[in-house]
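Below you'll find the structure, written out as structure tokens, and then a few comments.
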Amino acid sequence: MQPTAQAVWRALNITQAPEGRKKMSHTSGNILLQMIFSTHGRLPLIKPDFRDDLFAYLGGIIREMHGTALIIIGAADHVHMLVRIRPAHSAAEIARIVKANSSRWVREKWDPKFAWQTGYGVFSVSESSVAAVTKYVAGQEEHHQKHSFQEELVAFLKKNNVAYDERYIWD
Numbered sequence: 001m002q003p004t005a006q007a008v009w010r011a012l013n014i015t016q017a018p019e020g021r022k023k024m025s026h027t028s029g030n031i032l033l034q035m036i037f038s039t040h041g042r043l044p045l046i047k048p049d050f051r052d053d054l055f056a057y058l059g060g061i062i063r064e065m066h067g068t069a070l071i072i073i074g075a076a077d078h079v080h081m082l083v084r085i086r087p088a089h090s091a092a093e094i095a096r097i098v099k100a101n102s103s104r105w106v107r108e109k110w111d112p113k114f115a116w117q118t119g120y121g122v123f124s125v126s127e128s129s130v131a132a133v134t135k136y137v138a139g140q141e142e143h144h145q146k147h148s149f150q151e152e153l154v155a156f157l158k159k160n161n162v163a164y165d166e167r168y169i170w171d
């Protein structure tokens, strides 16, 4: 096992990086993800009486994970989240924690039958696309007057070159 650069520097009593090199004390990153997930069976379970509170709660979960929720909006049957996460967290971990905690919260507070679908969609977003993705997510109500969640997700999969079998993307 190779020693880390910092361990070598300490052993040699070096307090600054060698000429032309910089010490990096922690991992840095700018990971932007658009996450999309539906209610179980794509049923209209996100009711108007708790919808805004749910979106705020989802943002709070992201904040607790030291991330930033740039926008969270959805329809009666699904949610879109544009989030900036830390490199320490994977997309799978974010989805698992967000969905588990928020579904438990909704069940305890409003609807004991509430549940999210098993899966989710996650798509990387470049910093230069944040404004366009934010605009897209903000326009969800208008968008879903013309397109269903299923049509939208399939379009995302195709646009992002994600191989899929339609028999297995709906639960």
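In this text, residue positions in the sequence shown follow this note's numbering: the first is 1, and each later residue adds one.
Ideal Cβ positions, reconstructed from N, Cα and C, are used throughout, including at glycine.
None of these values were measured; they are calculated from a predicted model.
Note that the C-beta distance between M81 and L45 is not below 8 Å. Between the alpha carbons of V83 and L43 lies a distance of about 25 Å.
Per DSSP, V162 is not a residue of any alpha helix (DSSP H), being assigned neither H nor E.
DSSP places T134 in the helix class (H, G or I) of the three-state scheme. The alpha-carbon separation between P48 and N161 amounts to approximately 34 Å. Note: S124 is bridge-paired with L33 in the DSSP secondary-structure output. The distance from the Cβ of I62 to that of G119 is about 19 Å, inconsistent with a contact at the 8 Å cut-off.
In the DSSP assignment, G74 falls within the unbroken beta strand (DSSP E) covering T68 to G74. A residue is called buried when at least 16 other Cβ atoms come within 10 angstroms of its Cβ; G121 meets this threshold and is buried.
In this structure the stretch 130-138 does not touch the stretch 98-111; the number of beta carbon pairs closer than 8 Å is below three. In the structure shown, the three-state DSSP call for H143 is helix.
Per DSSP, the unbroken alpha helix (DSSP H) holding R96 starts and ends at A91 to K109. When C-alpha distances from A69 are compared across E152, W105, F55 and H78, the shortest belongs to F55.
Classified as buried, T39 has 16 or more neighbouring CB atoms from the shown chains inside 10 Å of its CB. When the alpha-carbon of Q145 is set against those of T27, A95 and A76, the nearest one is in A76. DSSP, read as helix, strand or coil, puts I62 in helix. Taking a C-beta distance under 8 Å as the contact criterion, V125 and L33 qualify as a contact pair. Cβ neighbours of E166 within its own chain (closer than 8 Å, five residues either side excluded): V154.
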